[in-house]
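Once you know that position 53 of the sequence shown is 53 in UniProt numbering, the rest is easy, because the numbers rise by one and skip nothing. We put the CB at the ideal spot given by N, CA and C, even for glycine. The structure presented is a predicted model; accordingly, all values stated were derived computationally and were not measured.
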Amino acid sequence: MKKIGLLVCIFALAVGFFYFDLNQLLTLDGLKSGLVQFETWRRDSPIFVGGVFLLLYVIVTALSLPGAVIMTLAAGALFGLFWGTLIVSFASSIGATLAFLVSRYLLQDTVQSRFGDRLKAFNEGVARDGAFYLFTVRLVPIFPFFLINLLMGLTTIRAFTFYWVSQVGMFVGTLVYVNAGTQLGQLESLSGILSPSLLLSFVLLGVFPLMAKKILDVIKARRVYAGFTKPKSFDRNMIVIGAGAGGLVSAYIAATVKAKVTLIEAHKMGGDCLNYGCIPSKALIKSAKVAHQMRHAENYGLNSSEPTFSFKKVMQRIHDVIAKIEPHDSVERYSKMGVDVVQGYAKLIDPWTVEIQLNEGGTKRLTARSVVLATGARPFVPNLPGLEEVGYYTSDTMWEAFAKLDEPPKRLVVLGGGPIGCELAQSFARLGSTVTQVERSARIMGREDEEVSAMAQESLIQDGVIMLTSHSAVRCEKEGEAKRLIVEHDGQESMVEFDALICAVGREARLEGYGLENLGIETKGTIVTNDYLETLYPNIFAAGDVAGPYQFTHVAAHQAWYAAVNALFGTFKKFRVDYRVIPWTTFVDPEVARVGLSEQDAKEKGIAYEMVRYELDDLDRAIADSAAKGFVKVLTVPGKDKILGVTIVGEHAGDLLAEFVLAMKHGLGLNKVLGTIHTYPTWAEANKYAAGEWKRAHAPQRILNWLEKYHTWRRG
């Protein structure tokens with residue numbers, strides 16, 4: 001009842017405020033028209049008027065009513081810089097605290113009880129850094145004053161902390177606004193608008209947020225770098241740790257702009273993608289696809305045959321492909337670009353110093369103004385009893401090990417139903433292995449729409465993969481040379497015998513051994529960064545798999561641009577990393593490619609959408625290639641051609657997706673795609689036909705009816 005009574009009082013006061021047109025007094029016109037009368041009252045009773053003004057300011061801010069800015073200007077006009085600043089400083093802080101307490105009393109318990117789990121990390125952050133966070137938003141006046149009061153009331157920050165931080169944090173902004181008000185109060189004619197002092201006041205209002213941000217950067221830097229001695233000079237402009245996609249692009253950008261950069265890599269240049277991931281897996285997929293086409297040559301009017309091959313030659317081709325691409329990422333190439341490439345293990349000693357355990361022996365220390373951590377990720381190995389005893393492979397180890405085999409494993413278990421597991425399971429099944437794929441979820445490729453997962457699963461089963469979804473791996477057993485995986489489904493255990501087992505249950509960031517713990521750099525599965533890819537230390541950045549949230553080579557390269565540019569030129573301008581349009585492809589057959597929202601995403605997030613779909617069995621080129629399987633599905637804003645997301649299932653889906661990625665990146669709708677000439681007969685026409693489906697669904701029926709009548713009339 002008390003809460004209801006308080007709400008009624010607040011509502012009555014707010015209604016009365018607008019009913020009696022008091023809001024008109026808190027406008028610039030109202031201030032100008034009443035300035036003379038207010039000045040008379042102040043001259044006659046300065047203390048009384050000052051007290052009433054303070055009380056009104058408290059009420060306005062406590063009720064979160066509009067007009068605080070006008071009242072601040074009025075304070076400068078009526079009371080001058082000193083007294084105006086003093087009155088507003090205390091009145092605004094008191095009013096803000098009252099609004100804070102009302103919000104806390106009315107809403108905090110409800111919000112924390114309903115969303116406490118989701119707010120846990122935020123509450124911990126407020127408990128740890130609440131005062132500094134509040135000081136930050138108070139110091140930068142672009143954040144709505146009243147909204148800060150209400151939202152902070154929902155947190156666990158102490159009321160006294162809220163008051164004194166608000167008092168201090170708002171002081172500089174109050175000073176600037178009151179100063180502008182003193183100049184407004186001195187206006188005697190329109191020509192006074194152009195007076196230097198008034199112009200200076202408004203210039204200060206404009207640049208204050210930028211000044212405040214610079215001040216905050218200095219305060220933050222002093223805070224995080226306390227206890228460290230910054231070098232007076234540096235050996236390098238930038239040091240990059242890790243020579244995968246993120247590290248290579250970062251170093252390339254630095255060298256291009258003539259910065260002195262050192263790239264440190266302990267193992268192979270090119271990282272996981274070149275040596276263990278994207279490249280070898282795609283080479284394997286190609287060989288497996290050719291074998292599949294030979295078995296189904298009748299689809300092309302040829303005689304089908306069982307492919308005969310040397311598995312060693314297949315694996316050798318994979319290594320040959322890697323060798324042909326290696327020069328693109330080699331030490332020699334990057335050295336010619338001007339990058340100092342050092343082979344060894346790097347460790348942060350302090351925010352500017354990196355110690356390198358050289359592969360050739362000995363250690364070396366280098367200092368740099370900025371450091372980019374691009375240490376990548378490694379396959380995650382589950383804590384499965386007996387796994388070490390039976391032995392296993394990952395995407396890091398299988399390529400070298402399988403290269404020694406005369407034939408593919410006869411019985412292969414693939415743990416994991418994600419993209420990597422599906423690609424490997426299908427490829428080895430096509431090369432003759434009896435593959436059992438184990439996935440504990442109800443379906444493979446769970447991040448895709450259900451129909452997409454179903455199509456992928458059907459394709460893998462047709463290729464001979466034994467699919468065990470909703471099965472959990474329990475343990476591994478070994479008896480003599482026999483190896484078994486015990487799985488559980490619906491409370492029942494069963495056994496899968498195998499000759500080789502591949503763990504493909506995900507990847508984890510490489511976080512250990514780089515000195516992150518000693519420097520207090522926060523990690524939560526990946527290195528925690530802000531929107532600029534800065535870590536706790538503004539001069540240390542992270543990019544690629546180690547930074548998340550996407551473990552794609554193209555995202556690592558995308559992040560690397562932001563990390564390198566912010567590291568080298570952040571003093572002048574920083575760029576927030578843009579994740580709005582991230583494409584990805586799973587290279588099963590048929591391929592699955594997606595950008596933006598899927599239907600599953602849209603439904604989970606409650607985003608309204610329209611969907612159009614074009615089936616590839618209607619595409620001339622797909623029919624000619626005997627690959628008329630799949631579809632193009634586009635989600636759009638209801639009633640508009642703006643693209644929210646695209647999913648393509650079919651041959652060359654990853655290549656077809658690029659047109660939609662470009663369109664979404666640059667705000668082009670389906671009408672633009674439809675109006676673009678596509679070569680006939682190509683797979684790319686599928687995109688145009690999908691856009692055509694949208695156009696037909698949004699045809700102006702009323703206009704078409706009138707046109708039909710018009711043409712009928714024209715025929716006489």
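For residue 366, there is no enclosing alpha helix (DSSP H); the enclosing beta strand (DSSP E) has its first and last residue at 363-373. The alpha-carbon separation between residue 497 and residue 426 amounts to approximately 19 Å.
Annotated three-state conformation of residue 510 is coil, per DSSP. By DSSP's assignment, residue 261 forms a beta bridge with 238.
Looking at the DSSP output, residue 501 sits in a beta bridge with 413.
The alpha-carbon of residue 319 is positioned some 7 Å away from that of residue 280. Less than 9 Å separates the beta-carbon of residue 382 from that of residue 473.
With respect to the 9 Å criterion, residue 487 and residue 481 are not classified as neighbours on the basis of their beta carbons.
Closest in alpha carbon position to residue 400, among 713, 277, 702, 78, is 277.
Proximity of the stretch 596-612 to the stretch 454-470 falls short of the contact definition, fewer than three beta-carbon pairs being nearer than 8 Å.
Counting along the chain, the unbroken beta strand (DSSP E) around residue 475 starts and ends at 472-479. Annotated as proximal: residue 76 and residue 182, with beta-carbon spacing under 9 Å.
Rounded to the nearest angstrom, the Cβ distance from residue 243 to residue 265 is 4 Å, consistent with a contact under 8 Å. Residue environment: residue 617 is assigned as exposed (fewer than 16 neighbouring CB atoms within 10 Å of its CB, all protein chains considered). Residue 684 sits in coil when the DSSP states are folded into three classes, being neither helix nor strand.
If you draw a 10 Å sphere on the C-beta of residue 159, you find fewer than 16 other C-beta atoms in it, and that means exposed. Judged by DSSP secondary structure, residue 551 falls outside any alpha helix (DSSP H); it is assigned neither H nor E.
A distance below 7 Å between beta-carbons, with the five flanking residues on each side excluded, links residue 344 to the following residues of its chain, in chain order: 264, 266, 356, 357, 358, 359. 9 Å or more divides the Cβ of residue 372 from the Cβ of residue 556.
Just so you know, the alpha carbons of residue 535 and residue 106 end up roughly 37 Å apart. By the 16-neighbour rule on beta-carbons within 10 angstroms, residue 703 is exposed.
When only Cα atoms are considered, residue 324 and residue 268 end up about 14 Å apart. Annotation for residue 559: 246, 533, 543, 544, 547, 577 place their beta carbon closer than 7 Å to its own, counting only its chain and skipping 5 residues before and after. One alpha carbon belongs to residue 566, the other to residue 69, and they sit about 35 Å apart. By the neighbour-count criterion, in which a residue is buried when 16 or more other Cβ atoms sit within 10 angstroms of its Cβ, residue 517 is exposed. When the beta-carbon positions are compared, residue 366 and residue 236 come within less than 9 Å of each other. Look at residue 515 here: in three-state DSSP terms it is coil, with no helix or strand label.
Note that the C-beta distance between residue 238 and residue 262 is below 9 Å. By a beta-carbon distance limit of 8 Å, residue 346 does not contact residue 510. Their separation comes to about 12 Å. By alpha-carbon distance to residue 81, the top candidate from 305, 174, 550 is 174. With 16 or more other CB atoms across the displayed protein chains lying within 10 angstroms of its CB, residue 652 is buried. Cβ-Cβ distances below 8 Å link residue 453 to 443, 444, 445, 446 in the same chain, with the five nearest sequence neighbours on each side left out; the list follows chain order. Close CB contacts of residue 270 within its chain, under the 6 Å cut and outside five residues either way in sequence, are with 329 (chain order). If you look at residue 381, you'll find it isn't in any beta strand (DSSP E); DSSP assigns it neither H nor E. With respect to the C-alpha of residue 471, the residue from 485, 409, 477 having the closest C-alpha is 485. Residue environment: residue 385 is assigned as exposed (fewer than 16 neighbouring CB atoms within 10 Å of its CB, all protein chains considered).
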